[in-house]
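Residue numbers (our numbering): 13 to 450. C-beta atoms are modelled at their ideal positions from N, C-alpha and C, and glycine is treated no differently. The structure appears below as structure tokens.
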RNA sequence: GCCCUGGUGGUGUAGGGGCUAUCAUGCGGGCCUGUCGAGCCCGCGACUCGGGUUCAAUUCCCGGCCAGGGCGCCA
């Protein structure tokens, strides 16, 4: 038996088909299952995209390979050189008859969880041994979809003339208000992990980059403990000049539809593994005003005052009424951040919107205040100190164009694509209230 | 942060004041040439921690730790 990487993979399991009958190939991966029937051994070799059956009849292969094969432990890393054999009895109508076996690395036993899922493990156990958990097709499917989702979003934004930017995640100020920040030590000073690229992407509007996007982590030190919050998530942010809230809503809904279409086209196998039937939503998404939303929630038996932010109960009620993706618009100015532009005709209401999927908020955005004096007034009204926004406010004094933007939660969007109900499922190594490893 | 529930072999579970602690999967060994949740036989492996009640605690009580669920928080 060989034990070093002096071969190279010629095919992934999914590339092998019955038409390749007789061809000699090399596959590499993990031993998913081993069924030793005495005179014949079946090994399921799993790689990134599937499995292929290695079939070893004792009479037809070298005795040494046969003996080595029967000793291999589950989840070991192997490479097999073999001959493709068309066979109606094999899964997928094709199997590989081994000519040579290369044990690249043996796995310890017993395993901390079962990658074949005969016995399911709890999320906590799974996250502790995430490397093994992700070997399961139903888990890796989520991340292949996430990869495609992010790819399609980048393609869409580039097609629409957005420039990718990178803004700092180490920030000085804890004065943006709202969420709790994670304090860190920055040499002799205190600093924080960034909660949002909001202020920086707005500054870029003044810098003349009139369409920007960033896909990057944001950090929030909230002690929340729910299925839809984490302390580190990926935010997909855009900001665009010479646009209002309607313009960026149009961009957002088109982006969502294009991304769904792309995932459906390229990740059908992964969607199948997840048992996910994807429908491509039609455009435009329904626009529901905040006031109408409150009335609908109330008439569904859940109390919500006009002017109040949504409770979980009201989100759930709305999720029972509304289908798929929809916007909530015309939010009360008072419950939105200072940089959101009030409607000049009715300053109680703002040009802010949320994008919902059933009962889950996946994005929020707005047309922004671009006039310096109004912005200062809004900062004061929210009990914040304009002095701590000095560097941000300066960008508004020398030609800040009107602009709008939004932030889309990558994991929450991924949840709507994959149908998983725990946001932890959509992050390789999630960070929540208690978990900081692996 | 609040409320509820739980913590039993590697994993997932049943149970319960004293009995060899149940089952599945797994792991180790054996048999088996078409398995595909393979099958059959033999074996291995566990009561979260501290304190209390009791003749006796894995079981009851209190506390800690950890986890699951719900809510709150989430510019």
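Per-residue DSSP class, three states only, for residue i
i: residue 143; result: helix
i: residue 104; result: helix
i: residue 429; result: helix
i: residue 166; result: helix
i: residue 177; result: coil
i: residue 339; result: strand
i: residue 149; result: helix
i: residue 386; result: helix
i: residue 160; result: helix
i: residue 223; result: strand
i: residue 327; result: helix
i: residue 121; result: coil
i: residue 424; result: helix
i: residue 317; result: coil
i: residue 155; result: helix
i: residue 438; result: helix
i: residue 137; result: helix
Alpha-carbon spacing of residue i relative to residue j, whole angstroms
i: residue 116; j: residue 110; result: 16 Å
i: residue 15; j: residue 127; result: 24 Å
i: residue 246; j: residue 240; result: 13 Å
i: residue 28; j: residue 283; result: 21 Å
i: residue 413; j: residue 326; result: 36 Å
i: residue 129; j: residue 429; result: 23 Å
i: residue 85; j: residue 47; result: 11 Å
i: residue 104; j: residue 24; result: 14 Å
i: residue 420; j: residue 374; result: 6 Å
i: residue 260; j: residue 347; result: 21 Å
i: residue 49; j: residue 95; result: 21 Å
i: residue 63; j: residue 38; result: 14 Å
i: residue 222; j: residue 174; result: 8 Å
i: residue 370; j: residue 317; result: 21 Å
i: residue 256; j: residue 138; result: 44 Å
i: residue 209; j: residue 181; result: 8 Å
i: residue 432; j: residue 32; result: 37 Å
i: residue 156; j: residue 279; result: 8 Å
i: residue 340; j: residue 169; result: 23 Å
i: residue 235; j: residue 145; result: 26 Å
i: residue 448; j: residue 381; result: 38 Å
i: residue 377; j: residue 417; result: 6 Å
i: residue 363; j: residue 154; result: 34 Å
i: residue 399; j: residue 185; result: 11 Å
i: residue 434; j: residue 349; result: 28 Å
i: residue 252; j: residue 266; result: 15 Å
i: residue 441; j: residue 295; result: 35 Å
Host beta strand (DSSP E) of residue i (start-end)
i: residue 419; result: 415–421
i: residue 366; result: 364–369
First and last residue of the uninterrupted alpha helix (DSSP H) at residue i
i: residue 403; result: 402–406
i: residue 394; result: Element bounds for residue 394: n/a, residue is neither H nor E.
i: residue 217; result: 210–218
DSSP bridge partner residues for residue i (one or two, in chain order)
i: residue 201; result: 198
i: residue 333; result: For residue 333, which the question treats as bridged, DSSP gives no partner whatsoever.
i: residue 90; result: 41, 115
i: residue 377; result: 365, 418
i: residue 358; result: 355
i: residue 97; result: 107
i: residue 228; result: 247
i: residue 127; result: In the DSSP output, where bridge partners are listed per residue, residue 127 has none listed.
i: residue 445; result: In DSSP, residue 445 forms no bridge with anything.
i: residue 183; result: 204
i: residue 467; result: There is simply no residue 467 to check, as the chain begins at 13 and stops at 450 in what is shown.
i: residue 372; result: 369
i: residue 344; result: 361
Closer than 7 Å: residue i CB and nearest the ligand NAP heavy atom
i: residue 171; result: For the structure depicted, the ligand NAP is absent and the ligand set is empty, with no information on it obtainable.
Quiz prompt | Complete beta strand (DSSP E) runs within the region 18–84 (minimum length 3 residues, chain order) | solution = 36–48, 52–59, 62–69
Self-check item: Whole runs of the alpha helix (DSSP H) within the region 237–312, excluding any shorter than 4 residues
Solution: 257–278, 280–285, 302–311
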